[in-house]
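Engineer: Those sequence lines, one after another, are chains A and B.
Start counting at 1 in the first sequence, then tack on 76, and there's your number in this note's numbering.
Start counting at 1 in the second sequence, then tack on 76, and there's your number in this note's numbering.
Before I ask anything, let me first share the structure, which is written out below as structure tokens.
There are 2 protein chains.
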Amino acid sequence: MDRKILLTEDEMPKRWYNIQADMPEPLDPMLHPETYKPTQLPPFLFSSELNRQEFSTDRWIDIPEEVLEIYRIWRPTPLYRATRLEAALKTPAKIYYKWEGVSPPGSHKPNTAIPQAYYNMKEGIERLTTETGAGQWGSSLAFATKLFDLECMIYMVRVSYEQKPYRKSLMHAWGAEVVPSPSNRTKTGQAFLEKDPDSPGSLGLAISEAVEDAAVNDNSHYTLGSVLNHVLLHQTITGLETKKQFEKIDAYPDAIYGCVGGGSNFSGAAFPFLGDKLKGDRKDLDVVSCEPAACPTLTKGLYEYDFGDVAGLAPIARMYTLGHDFIPPKIHAGGLRYHGDAPILSKLTHDGYMRAEAYHQTDVFDAVIRFAQTEGFILAPETAHAVKAVIDEALRCRETGEEKTLLFLNSGHGHFDLAAYDTYFEGKLVDYEYPTELVKRSLENLPKIK
Amino acid sequence: MDRKILLTEDEMPKRWYNIQADMPEPLDPMLHPETYKPTQLPPFLFSSELNRQEFSTDRWIDIPEEVLEIYRIWRPTPLYRATRLEAALKTPAKIYYKWEGVSPPGSHKPNTAIPQAYYNMKEGIERLTTETGAGQWGSSLAFATKLFDLECMIYMVRVSYEQKPYRKSLMHAWGAEVVPSPSNRTKTGQAFLEKDPDSPGSLGLAISEAVEDAAVNDNSHYTLGSVLNHVLLHQTITGLETKKQFEKIDAYPDAIYGCVGGGSNFSGAAFPFLGDKLKGDRKDLDVVSCEPAACPTLTKGLYEYDFGDVAGLAPIARMYTLGHDFIPPKIHAGGLRYHGDAPILSKLTHDGYMRAEAYHQTDVFDAVIRFAQTEGFILAPETAHAVKAVIDEALRCRETGEEKTLLFLNSGHGHFDLAAYDTYFEGKLVDYEYPTELVKRSLENLPKIK
Chain A
77 MDRKILLTED EMPKRWYNIQ ADMPEPLDPM LHPETYKPTQ LPPFLFSSEL NRQEFSTDRW
137 IDIPEEVLEI YRIWRPTPLY RATRLEAALK TPAKIYYKWE GVSPPGSHKP NTAIPQAYYN
197 MKEGIERLTT ETGAGQWGSS LAFATKLFDL ECMIYMVRVS YEQKPYRKSL MHAWGAEVVP
257 SPSNRTKTGQ AFLEKDPDSP GSLGLAISEA VEDAAVNDNS HYTLGSVLNH VLLHQTITGL
317 ETKKQFEKID AYPDAIYGCV GGGSNFSGAA FPFLGDKLKG DRKDLDVVSC EPAACPTLTK
377 GLYEYDFGDV AGLAPIARMY TLGHDFIPPK IHAGGLRYHG DAPILSKLTH DGYMRAEAYH
437 QTDVFDAVIR FAQTEGFILA PETAHAVKAV IDEALRCRET GEEKTLLFLN SGHGHFDLAA
497 YDTYFEGKLV DYEYPTELVK RSLENLPKIK
Chain B
77 MDRKILLTED EMPKRWYNIQ ADMPEPLDPM LHPETYKPTQ LPPFLFSSEL NRQEFSTDRW
137 IDIPEEVLEI YRIWRPTPLY RATRLEAALK TPAKIYYKWE GVSPPGSHKP NTAIPQAYYN
197 MKEGIERLTT ETGAGQWGSS LAFATKLFDL ECMIYMVRVS YEQKPYRKSL MHAWGAEVVP
257 SPSNRTKTGQ AFLEKDPDSP GSLGLAISEA VEDAAVNDNS HYTLGSVLNH VLLHQTITGL
317 ETKKQFEKID AYPDAIYGCV GGGSNFSGAA FPFLGDKLKG DRKDLDVVSC EPAACPTLTK
377 GLYEYDFGDV AGLAPIARMY TLGHDFIPPK IHAGGLRYHG DAPILSKLTH DGYMRAEAYH
437 QTDVFDAVIR FAQTEGFILA PETAHAVKAV IDEALRCRET GEEKTLLFLN SGHGHFDLAA
497 YDTYFEGKLV DYEYPTELVK RSLENLPKIK
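Structure below.
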């Protein structure tokens, strides 16, 4: 039996799947951050086609040929059967993973960076801005803008800029400009630097700088790497491929796992399957978001309207949130340190079609080392949360004898996260307690929608 | 047209190709380092099957099923058509590359690490030792030994141990023990540390420590990641796959390029094609070794008997050499800093079936940045030498209008080499002059074979 189920470039899906077409209830409207009236994404920040996709209820949206051409650099990606992990766990479960680490930036992020750069280019935009924390999103946007010959300006949270120099180098190699945030490039940044010249920065602050930059500069737009509906839409390329790959071996998963920060990688992998469940088929399909116990948005947050950014510039949406003031503990899975979650994923979780589990950092690293020593690949600390979940279920199957088919989205490699592995092997990895009091205070500051 | 030419796991070659079967003249014998009499590899250091392969003249050698099973983790690897690079160069040439960066350690090195670990395991060896410089080979052996449940002891050149901490972390993730060399674990290391406690180490010294360790410890063998005939043999999996891939599109290369340090990656890619030339077909096939101008073994060295290691413990072989005392300048392509070259590749070069070109560091980085910004992937500084050569030829074809088919082995990614990219972008990359006087002195110390 083959370890890898492959698709040819011809077999790559030509359309993204929009789950908004199949949701039993529509999403609550996006609201203006000041008037609290229903609104679109600000047109001076976002391309009109992305704005259209954000609110579309068409089931299928065509992928432009120019985007498909770039996807073919690394897509379709392989679906792996994790035979060596199964053997080590002595489980009757069948474990599959969709491997997104083969993209040039090393994760699923370019699946949306490419179309975002493309649509902006088509509409005459010459320059894109964004923020990045650990750098997965920033490096993917740098890659995408270079291929479409756009300028790229990245505000990187200062503490990451200093601690993760090589993700910054990656952005440079693809021609992007990267500055530590807070920077003196924006009024927001200048104000923060005046108060605290040594400010380590935060994702919320970097978002505000990138938004301000796009707002005041000509021919510039802002981009976001997760949370928004159009981002989840673009990520469905992974789930659509996986579904075709399962068809080739006449199989279908019983359970799907993925790590959740903003929610885009997991939504992309799961929605094409979850669509079947929403239509009444595959009622027993278990769809499990895997989040850090230190930032447990889905398992401990509220399902309420909240701001996505600290400055309150962006539209507000109803989602699971720990409060936009909440600054999560410094776990190594930097990509999962977000106070909210994608509105679509939040609603489907709230309405009972998906569920979530939270995991502690050392358990997650135990799992990903086990993966590295059997399957071979070194994964990102974010992805490790899904590995923990799937190993737990595989071990449960060993007890019950169930021959379940388990799938997880293997969202990226950990080549730029080896300092975290070192900390694990030195026995210095910290399991942060859930910050009950901090979240309680943060949740008091949700916007007061009547 | 597809960007990638893929093979199924079923189509993966089941045998390695041994070019010794087709060489017009046999290799000069390997000699004992003291008696200068013909000898084998020391049986207390090497598995008997690897020793058999070293001297075999059988054309095909079966790949064990257990090795194929592990190869399938990442093999067959894709053959890419570099359409975006071609367009940027406005060349009529067709550029193809075989992409080995998809392996878990990120290079071609596991192609031989896996069988070396396998044969030693089969013969009851429980522990393997080796040296590593930049860490590509060390991390590949760590990966291989973990999958066959062997212990692994790696002597890492101290300066690299300190400058490249994340390659060391990678070896730890796969369960290997790594010590900086010189170490106090061996008599050789102790002697060096007594003379100079701050010694930065060298590859030759690390080899001597790894050899001594294997010699004095029970159930231990030594392994080498390049140069030897059996290493080149295992690497032919890449060239054999590439040949099948070209057959699928009814094409054949006019020229093949690869970077050369010890010579194993390029030999593996080129020999299955070069075999045709040796048999009298494809007489015009151009086979080009790409080496650094700072360590120009093939273009400026002598074709003589020399030691492979500094201490003179290993058998001596006839090869192109700059002298075993020569310590090359600290170019970023650490994997190309070797004074000698594989005996088979050396003889085929000497006898006129292959040729070599040498390149300066900044030219090589110009080329690899151009590659990153068109094809997307970030490559190792070693691999960059082949990219430089292929771009030069493609630009020449633009002048002449020739629609040549060019192939290069894309031997690995540069995710652990981004400090070198930083140096390039800071304009601080140094082009070392060829150290004429140093080499002249070094060449005076070749062993005096009558």
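All C-beta atoms, glycine included, are put in the ideal place defined by N, C-alpha and C.
Among B:Thr159, B:Asn187, B:Tyr156 and B:Gly356, which has the Cα closest to the Cα of B:Met527?
Structural biologist: The question about residue 527 of chain B has no answer here: the residues shown for chain B are numbered 77 through 526.
Engineer: Cutting at 7 Å between CB atoms, please list the residues of its own chain near B:Ala345, excluding the five before and the five after it.
Structural biologist: Excluding residues within five positions, the ones whose Cβ falls inside 7 Å are Lys174, Thr314, Gly315, Thr318, Ile332, Gly334 and Leu485.
Engineer: Got a sec? Which residues, its chain only, sit under 6 Å from A:Lys271 by beta carbon, not counting five neighbours each side?
Structural biologist: none
Engineer: So with CB distances below 9 Å, who are the chain A contacts of B:Lys480?
Structural biologist: Simply none; closest approach about 23 Å.
Engineer: Helix, strand or coil: which one does DSSP assign to B:Ile420?
Structural biologist: helix
Engineer: Helix, strand or coil for B:Pro102, going by three-state DSSP, please let me know.
Structural biologist: coil
Engineer: In chain A, which residues lie less than 8 Å from B:Glu85 when you measure between Cβ atoms?
Structural biologist: Against chain A, the beta carbon of B:Glu85 has neighbours under 8 Å at Asp78, Arg79 and Lys80, listed in chain order.
Engineer: Closer than 8 Å, CB to CB, is B:Tyr242 near chain E or not?
Structural biologist: Of the protein chains in the structure, A and B, none is chain E.
Engineer: Classify B:Arg243 as buried or exposed, calling it buried when 16 or more other Cβ atoms lie within 10 Å of its own Cβ.
Structural biologist: It counts as buried.
Engineer: Write down every uninterrupted run of the beta strand (DSSP E) in the region 279 to 362 of chain A whose length is 3 residues or greater and which is fully enclosed by it, in chain order.
Structural biologist: 296 to 298 and 331 to 335
Engineer: Going by beta carbon distance, what residues of the same chain come within less than 8 Å of A:Leu361, once the five residues before and after it are set aside?
Structural biologist: Pro329, Asp330, Ala331, Ile332, Phe349, Leu350, Asp352 and Lys353
Engineer: Taking the alpha carbon of B:Glu479 as the point to measure from, which residue in B:Ala327, B:Lys263, B:Glu367 and B:Asn127 has its own alpha carbon closest?
Structural biologist: If you compare the alpha carbons of B:Ala327, B:Lys263, B:Glu367 and B:Asn127 with that of B:Glu479, the shortest gap goes to B:Ala327.
Engineer: Excluding the 5 residues flanking B:Tyr112 on each side, which residues of the same chain have their C-beta closer than 6 Å to its C-beta?
Structural biologist: So the qualifying residues of the chain are Ile525.
Engineer: Contact criterion: CB-CB distance below 8 Å. Does B:Gln437 meet it with respect to chain A?
Structural biologist: no
Engineer: Can you check which of these residues, A:Glu502, A:Leu226 and A:Ser343, is closest to A:Pro191 by C-alpha distance?
Structural biologist: A:Leu226 is the residue among A:Glu502, A:Leu226 and A:Ser343 whose C-alpha sits nearest the C-alpha of A:Pro191.
Engineer: Short of 8 Å in beta carbon distance, which residues of its chain neighbour A:Ile325, apart from the five on each side in sequence? Order them along the chain.
Structural biologist: Ile81
Engineer: Can you give the beta carbon distance from A:Ile392 to A:Pro109, rounded, assuming they're within the 8 Å contact cut?
Structural biologist: 6 Å
Engineer: Is it the case that the region 283 to 301 of chain B contacts the region 112 to 128 of chain B, given that we only count it when at least three CB pairs across the two stretches are under 8 Å?
Structural biologist: As far as the Cβ criterion goes, the region 112 to 128 of chain B touches the region 283 to 301 of chain B, which means the pair count is three or higher.
Engineer: Taking B:Ala418 and B:Gly339 to be in contact with their CB atoms under 8 Å, please state how far apart those CB atoms are, rounded to whole angstroms.
Structural biologist: 4 Å
Engineer: Since A:Val463 meets chain B, which of its residues come closer than 9 Å, beta carbon to beta carbon?
Structural biologist: In chain order: nothing, as chain B lies at least about 14 Å away.
Engineer: CB A:Phe219 to CB A:Ala189, shorter than 8 Å?
Structural biologist: Cβ distance < 8 Å, so A:Phe219 and A:Ala189 count as in contact.
Engineer: In the DSSP assignment, what are the bridge partners of A:Met395?
Structural biologist: Looking at the DSSP output, A:Met395 shares a beta bridge with A:Glu380.
Engineer: Would you list the one or two residues that DSSP bridges to B:Tyr231?
Structural biologist: B:Glu207 and B:Val255, per the DSSP bridge assignment.
Engineer: For the alpha helix (DSSP H) containing B:Lys263, list its first residue and its last residue.
Structural biologist: Lys263 to Lys271
Engineer: For the candidate residues A:Leu165, A:Thr262 and A:Phe342, whose alpha-carbon lies nearest to that of A:Ala462?
Structural biologist: A:Phe342
Engineer: Residue range of the beta strand (DSSP E) that A:Lys174 falls in?
Structural biologist: Lys170 to Trp175
Engineer: Which residues in chain B have a C-beta closer than 7 Å to the C-beta of A:Ala249? List them in chain order.
Structural biologist: Ile445, Ala448, Ile454 and Tyr497
Engineer: Leaving out the 5 sequence neighbours to the left and right, which residues in its chain are closer than 7 Å to A:Arg233 when beta-carbon positions are compared?
Structural biologist: For clarity, residue 233 of chain A is Val in the given sequence; the question names Arg instead. If we look at A:Val233 and ignore the five residues flanking it on each side, its Cβ neighbours are Gly209, Ser257, Gly277, Ser278, Leu279 and Ala282.
Engineer: Please classify B:Lys359 as buried or exposed, where buried requires at least 16 other C-beta atoms within 10 Å of its C-beta.
Structural biologist: Note on B:Lys359: under 16 other CB atoms within 10 angstroms of its CB, so exposed under the neighbour-count rule.
Engineer: Can you tell me the Cα-Cα spacing of B:Ile171 and B:Glu85, whole angstroms?
Structural biologist: Their Cα atoms are separated by approximately 25 Å.
Engineer: Report all residues from its chain with a CB closer than 7 Å to the CB of B:Asp104; omit the five preceding and five following residues, and keep chain order.
Structural biologist: Arg394
Engineer: Check whether chain B comes within 8 Å of A:Arg148, counting only Cβ atoms and requiring the distance to be less than that.
Structural biologist: yes
Engineer: Quick check on the burial criterion: 16 or more other C-beta atoms within 10 angstroms. Buried or exposed for A:Leu161?
Structural biologist: buried
Engineer: Please state whether the Cβ-Cβ distance between B:Ala291 and B:Thr206 is less than 8 Å.
Structural biologist: no
Engineer: Residue range of the beta strand (DSSP E) that A:Tyr156 falls in?
Structural biologist: Leu155 to Arg157
Engineer: Which residue's Cα is closest to the Cα of B:Gly377: B:Phe383, B:Val515, B:Glu202 and B:Leu204?
Structural biologist: Looking only at B:Phe383, B:Val515, B:Glu202 and B:Leu204, the smallest Cα-Cα distance to B:Gly377 is reached by B:Val515.
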